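Novice:
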Amino acid sequence: MDFNLTEEHIMIRDAAREFAKTELLPGVIERDDKQEFPKEQIKKMGELGFLGMMVDPKYGGGGMDTISYVLAMEEISKVDASCSVVMSVNNSLVCWGIETYGTEEQKQKYLTKLATGEIIGAFCLSEPEAGSDATSQKTTAIDQGDHYILNGTKNWITNGSTASVYLVIAQTDVEKGHKGINVLIVEKGMPGFELGPKENKLGIRGSDTHSLMFTNVKVPKENRIGEDGFGFKFAMKTLAGGRIGIASQALGIASGAYELALQYSKERKAFGKEISRHQAIAFKLADMATEIEAARHLCMKAAWDKDQHANYDLSGAMAKLYAADMAMRVTVEAVQIHGGYGFVKEYHVERMMRDAKITQIYEGTSEIQKIVISRSVLKD
Ligand code: CAA
Ligand code: FAD
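Residues -6 to 373 in the working numbering are what the sequence shown spells out, letter by letter.
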């Protein structure tokens, strides 16, 4: 494994860093406060190629590798995790899923617009009674010859109201269990497709999260991705890569909070010296820096595995588990280092602490990552 970044990697990282500083930082506190979707910012991210980074240029994407994606995700997440979750879902779940398993017609019709950010997508697996236990799908897609009839409810869908295209996982044949599940491309505006109210959340408050209701929605058969019964495998394979995106989101949130805490500790004085010169604070910074570096290596290893076409189920799950739990520890310490100032919004770290929490929950909770990891190590 080569630990050196290429010139192109450095250029992408620096471009993302500059964009985050100039375009995302202004207004990030207000957007969080008002739960305002970063519409203009996401539009610019699309124009700059951040929404379809790994997609083949012939479909409008950037043709970049996963390492570039991790670097950009970290930089965007350092400043605004509500923007980076949109980026993660669009890149690693929606675009990747359609590009890898979709038909040429599906790619021409949907991927070309998703990769440029002209439209954004959503990935709809979770249900009121099927979160971690994802094979327990209650949403049904009944085969009617040339179309499916879709009924059911999806919960917690990121980009719920702002997406135009939804990858919906649903049960076609209950008898076949997870082998009877399909994934359908559903368009906003299809008759019978309704949106639930926006969730009022602890963190990533700029991201819009909704439940979706489907009542007798007629979905043409050409909108199914893959063979009949491929839906659950599709979800698992897609999520394996998605977890690298969320791991780098957690890494970014933690490194953003760490950088603020480091700077603050060198400025704030107590008992006649900078607080960084009190060993209790210096040791916190040492732990934070070490854990962030460890998470960065895990994220890069998972990205490298993906780029080498090696299996990344295990490395992606390890990266997500470690980075998410680490982000929670580091952001709590960043608030602590700021003292009372850390508890108010204008110092950013309290938002980062709230944003970090979701990385332990979505795209498979930390407990689910341990299931994936333990099954893998026990099998070996
Ligand atoms: N690749 C390919 N196939 C896979 C796979 C993978 N990584 N993981 C599992 N499968 C296959 C299995 O091989 C099995 O198929 P066969 O019977 O043909 O071998 C099938 O899927 C079922 O697998 P399991 O028996 O292991 O299923 P399980 O019920 O024990 O559950 C689980 C496994 C890992 C816990 C899974 O249910 C899971 O990942 N749950 C978490 C769901 C999740 O991550 N949701 C995220 C929603 S999206 C989101 O959250 C987006 C966002 O926030 C921004
Ligand atoms: P549950 O599965 O009910 O879990 C509850 C608790 O039990 C957790 O701690 C869990 O780890 C634990 N648990 C469950 N099973 C086990 C077990 N076997 N062993 C040990 N512990 C276990 N989903 C989508 O499909 N698309 C999205 O875009 C999306 N975006 C989201 C955005 C937000 C803001 C949120 C909050 C959620 C989002 N989700 C999305 C849903 C998310 O993936 C689920 O919330 C998550 O998978 C957990 O499912 P659950 O909430 O039903 O919790």
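Positions of the beta carbon are idealized from the N, C-alpha and C atoms, including for glycine. Here the structure is a predicted model, which means the values were calculated and not measured.
Is it true that the CB of glutamate 120 sits closer than 9 Å to the CB of threonine 146?
Specialist: Here the question's residue 146 lines up with position 153 in the sequence shown. Here the question's residue 120 lines up with position 127 in the sequence shown. Yes; because the gap between Cβ atoms is below 9 Å, this pair is in contact.
Novice: Apart from the five residues on each side of it in sequence, which residues of its chain come closer than 6 Å, Cβ to Cβ, to glycine 54?
Specialist: Taking the sequence shown and counting its residues from 1, the one referred to as residue 54 is at position 61. Taken in chain order, the residues that qualify are Gly45, Val48 and Ala108.
Novice: Could you please give the first and the last residue of the uninterrupted beta strand (DSSP E) stretch that includes threonine 387?
Specialist: With the chain running from -6 to 373 in the structure shown, residue 387 is simply not present.
Novice: Could you spell out where the beta strand (DSSP E) holding lysine 211 opens and where it closes?
Specialist: Within the sequence shown, numbered from 1, the residue matching residue 211 stands at position 218. Lysine 211 -> beta strand (DSSP E) spans 202 to 213.
Novice: Applying the criterion that 16 or more other CB atoms from any shown protein chain within 10 Å of the CB defines a buried residue, is alanine 254 buried or exposed?
Specialist: Position 261 of the sequence shown, counted from the first residue, corresponds to residue 254. Result: buried.
Novice: Quick check on the contact list: which residues have their beta carbon closer than 6 Å to a heavy atom of the ligand CAA?
Specialist: This criterion selects Val78, Val82, Phe116, Leu118, Ser119, Ser125, Ala127, Thr128, Thr151, His171, Phe225, Lys226, Met229, Lys230, Leu232, Ala233, Asp306, Tyr355, Glu356, Gly357, Ile361, Ile364 and Val365.
Novice: Does the ligand FAD have a heavy atom nearer than 8 Å to the CB of alanine 134?
Specialist: Position 141 of the sequence shown, counted from the start, is the residue given in the question as residue 134. Checking every heavy atom of the ligand FAD against the Cβ of alanine 134, none is found closer than 8 Å.
Novice: Taking 6 Å as the limit between beta carbons, can you name the residues of its chain near serine 241, skipping five residues before and five after?
Specialist: The residue labelled residue 241 in the question sits at position 248 within the sequence shown. Result list for serine 241: Val63, Met66, Glu67 and Cys292, in chain order.
Novice: Got a sec? Which residues, its chain only, sit under 6 Å from glycine 110 by beta carbon, not counting five neighbours each side?
Specialist: By one-based count along the sequence shown, residue 110 stands at place 117. Counting only Cβ-Cβ distances below 6 Å, and skipping sequence neighbours, we find Gly39 and Leu44.
Novice: Alanine 295 and alanine 312 look like a contact to me (Cβ under 8 Å); what is the Cβ gap, rounded to whole Å?
Specialist: The residue given as residue 295 occupies position 302 in the sequence shown. The residue given as residue 312 occupies position 319 in the sequence shown. Indeed they touch by this definition, with Cβ atoms about 4 Å apart.
Novice: Is tryptophan 149 near the ligand FAD, going by C-beta to nearest heavy atom under 8 Å?
Specialist: Along the sequence shown, one-based indexing puts residue 149 at 156. Yes, the Cβ of tryptophan 149 comes within 8 Å of a heavy atom of the ligand FAD.
Novice: By Cβ distance below 6 Å, which residues in the same chain neighbour asparagine 216 in space, the five residues on each side in sequence not counted?
Specialist: As a working mapping, residue 216 is identified with position 223 in the sequence shown. These residues qualify, in order along the chain: Leu177 and Ile178.
Novice: Indicate, with yes or no, if the ligand FAD has a heavy atom lying under 8 Å from the CB of valine 268.
Specialist: Translated into the one-based positions of the sequence shown, residue 268 becomes position 275. Strictly speaking, residue 268 in this sequence is isoleucine, with valine absent from that position. No; taking the cut-off as 8 Å, the Cβ of isoleucine 268 has no heavy atom of the ligand FAD nearer than that.
Novice: Verify the contact flag: alanine 123, CB atom, against every heavy atom of the ligand FAD, threshold strictly below 8 Å.
Specialist: Counting from one through the sequence shown, the residue named residue 123 turns up at place 130. Yes.
Novice: Can you give me the start and stop residues for the beta strand (DSSP E) that valine 158 sits inside?
Specialist: Counting from one through the sequence shown, the residue named residue 158 turns up at place 165. Residues 158 to 164.
Novice: To the nearest angstrom, how far is the alpha carbon of methionine 183 from that of lysine 214?
Specialist: Residue numbering aside, residue 183 sits at position 190 when the sequence shown is read from its first letter. Residue numbering aside, residue 214 sits at position 221 when the sequence shown is read from its first letter. Methionine 183 and lysine 214: Cα-Cα distance of roughly 14 Å.
Novice: Whole angstroms is fine: what's the gap from leucine 195's alpha carbon to arginine 347's?
Specialist: What you label residue 195 is simply residue 202 of the sequence shown in a count that begins at 1. What you label residue 347 is simply residue 354 of the sequence shown in a count that begins at 1. So the two alpha carbons sit approximately 6 Å from each other.
Novice: Would you kindly work out how many angstroms separate the C-alpha atoms of histidine 171 and glycine 222, rounded to a whole number?
Specialist: Taking the first residue of the sequence shown as position 1, residue 171 is located at position 178. Taking the first residue of the sequence shown as position 1, residue 222 is located at position 229. Taking the straight line from one Cα to the other gives about 8 Å.
Novice: Secondary structure at glutamate 187, three-state DSSP: helix, strand or coil?
Specialist: Here residue 187 refers to the residue found at position 194 of the sequence shown. If DSSP states are grouped into helix, strand and coil, glutamate 187 belongs with the strands.
Novice: Can you look up aspartate 221 in the DSSP assignment and give me helix, strand or coil?
Specialist: Here residue 221 is taken as the residue at index 228 of the sequence shown, counted from 1. Three-state DSSP puts aspartate 221 in coil, outside helix and strand.
Novice: State the beta-bridge partners of aspartate 136 as determined by DSSP.
Specialist: Position 143 of the sequence shown, counted from the first residue, corresponds to residue 136. DSSP output for aspartate 136 lists Tyr141 as bridge partner(s).
Novice: Helix, strand or coil: how does DSSP classify lysine 230 here?
Specialist: Counting from 1 along the sequence shown, the entry for residue 230 is found at position 237. In this structure, lysine 230 counts as helix in the three-state DSSP scheme.
Novice: Take the Cβ of glycine 42 as the centre, count every other Cβ of all protein chains shown within 10 Å, and call the residue buried at 16 or more, exposed below.
Specialist: What you label residue 42 is simply residue 49 of the sequence shown in a count that begins at 1. Buried, by the Cβ-count rule.
Novice: Where do the ends of the alpha helix (DSSP H) carrying glutamate 92 lie?
Specialist: On the sequence shown, position 99 is the one that residue 92 refers to. Start and end: 89 to 94.
Novice: Given tyrosine 94, which residues of its chain have a CB within under 7 Å of its CB, disregarding the five upstream and five downstream residues?
Specialist: As a working mapping, residue 94 is identified with position 101 in the sequence shown. Hits under 7 Å: Ile218, Gly219 and Phe227.
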